[in-house]
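Comments concern the structure below.
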Amino acid sequence: MSQGAKLQKIAVSAIMLLLSTLIFWVPFYFVIVNSFKSSTKAADMNMKWPDTLHIIDNYKSVLTAADNMLVRAFYNSTLLTILSVVGLVIVSSLAGFVLQRRERGKASSTFNFLVLAGLMIPPAVVPTIWVLNSVGLFKTLTGLTLVEIALHFPFCAILYKAFTATIPRDIDESAFMDGCGGLRLYTYIIFPLLKPVTSTIVIIQAVNIFNDFVNPLYFLPGSENATVQLTLYNFMSMYITSWNLLFADVVLISIPPLILFIFFNKKIVAGMTAGSVKG
4 MSQGAKLQKI
14 AVSAIMLLLS
24 TLIFWVPFYF
34 VIVNSFKSST
44 KAADMNMKWP
54 DTLHIIDNYK
64 SVLTAADNML
74 VRAFYNSTLL
84 TILSVVGLVI
94 VSSLAGFVLQ
104 RRERGKASST
114 FNFLVLAGLM
124 IPPAVVPTIW
134 VLNSVGLFKT
144 LTGLTLVEIA
154 LHFPFCAILY
164 KAFTATIPRD
174 IDESAFMDGC
184 GGLRLYTYII
194 FPLLKPVTST
204 IVIIQAVNIF
214 NDFVNPLYFL
224 PGSENATVQL
234 TLYNFMSMYI
244 TSWNLLFADV
254 VLISIPPLIL
264 FIFFNKKIVA
274 GMTAGSVKG
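Using our numbering, the letters of the sequence shown correspond one by one to residues 4 to 282.
Quick look at the structure:
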């Protein structure tokens, strides 16, 4: 590599680092600094470091507000995330495996179209509430879990289908010759080979569902059912907003997704690109 090419590469890397700092870390610093301030100082909305820190008072107030609602919200969000991700992995991997192995035929084309339509057609809130209410699942964690699975299913199924295409069909034929059934083939042979894309889906969807604001607001109303994102309403009102507590709440609910991303970002990239070799 020539000297000019090296300098160009360094310049591009520096520009990208600067842009990422401006886009991601400056706002995060702004939130953290204002979560350390008093209510009056935080209302100024600047990035000046406070003269007096109110870290313990602010974060204690957030954790104990509304009868420890944030603690309940963390439990609700964690349970919702675990149930939804497990359901997504099971349903999407089965669907991706079947769609890829039986990709010829009119029925398969129809199912592929329906999966793609799920990515393009926006969800209908009122009909979904009517359906959930009809089956007795409205305002329940089970109902919201089914909604999350349905909304994220198309994306996950497409990823699983693309990755399944990289697994040779000879494995299926050998298993069938040894007397292995379809479900046993999937459970003991195919699914373990889907580990890279499964890791990607678990991380991405866990962050998406944990950070979901709209669906819990519509399909799981009620203070006892609050999720972490809905706790932001505790510190916002029409007349007075406790910005220091609001920012402290944002910091607390951002920690779990941030930890997931920092430790597993390489797995995300590996799983997203693993199925692009063969389609």
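The C-beta atom is built at its ideal place from N, Cα and C for all residues, glycine as well.
Contact annotation: the segment 77-84 touches the segment 218-230, with at least three C-beta pairs closer than 8 Å. A direct Cα-to-Cα measurement between H155 and L162 gives close to 11 Å. Per DSSP, E151 is one residue of the alpha helix (DSSP H) stretching across 144-167. For D175 against R104, the beta-carbon gap comes to about 7 Å, under 8 Å, which counts as contact. At least 8 Å separates the beta-carbon of I35 from that of V210.
By the neighbour-count criterion, in which a residue is buried when 16 or more other Cβ atoms sit within 10 angstroms of its Cβ, G146 is buried. Using a Cβ-Cβ distance cut-off of 8 Å, the segment 200-214 and the segment 85-95 are in contact, since at least three pairs of beta carbons, one from each stretch, lie closer than that value. For Y189, no alpha helix (DSSP H) run applies, since DSSP gives it neither H nor E. Excluding its 5 nearest sequence neighbours in each direction, L122 has C-beta neighbours in its own chain below 7 Å: P157, F158, listed in chain order. In the three-state reduction of the DSSP assignment, L117 falls in the helix class, which pools H, G and I. For A178, the uninterrupted alpha helix (DSSP H) segment begins and ends at 172-180. Around K164, the same chain offers G99, L102, Q103 as residues with beta carbons nearer than 6 Å, after the five sequence neighbours per side are excluded. Using a Cβ distance threshold of 8 Å, L188 and A178 count as a contacting pair. When DSSP states are grouped into helix, strand and coil, R105 belongs to the coil group. In this structure, T131 places its C-beta atom within 8 Å of the C-beta atom of V150. Excluding its 5 nearest sequence neighbours in each direction, Y221 has C-beta neighbours in its own chain below 6 Å: V128, listed in chain order. Residue burial is scored here from C-beta neighbours: S38 has at least 16 other C-beta atoms within 10 angstroms and is therefore classed as buried. Rounded to the nearest whole angstrom, the CA to CA distance from Q6 to F250 is 46 Å. Beyond the five residues adjoining it in sequence on each side, F33 comes within less than 7 Å, by CB distance, of M50 in the same chain, given in chain order. Straight-line spacing of the CA atoms in S16 and L25 works out to 14 Å.
Taking a contact as a CB-CB distance under 8 Å, the pair L196 and K142 does not count as one, their CB atoms being some 40 Å apart.
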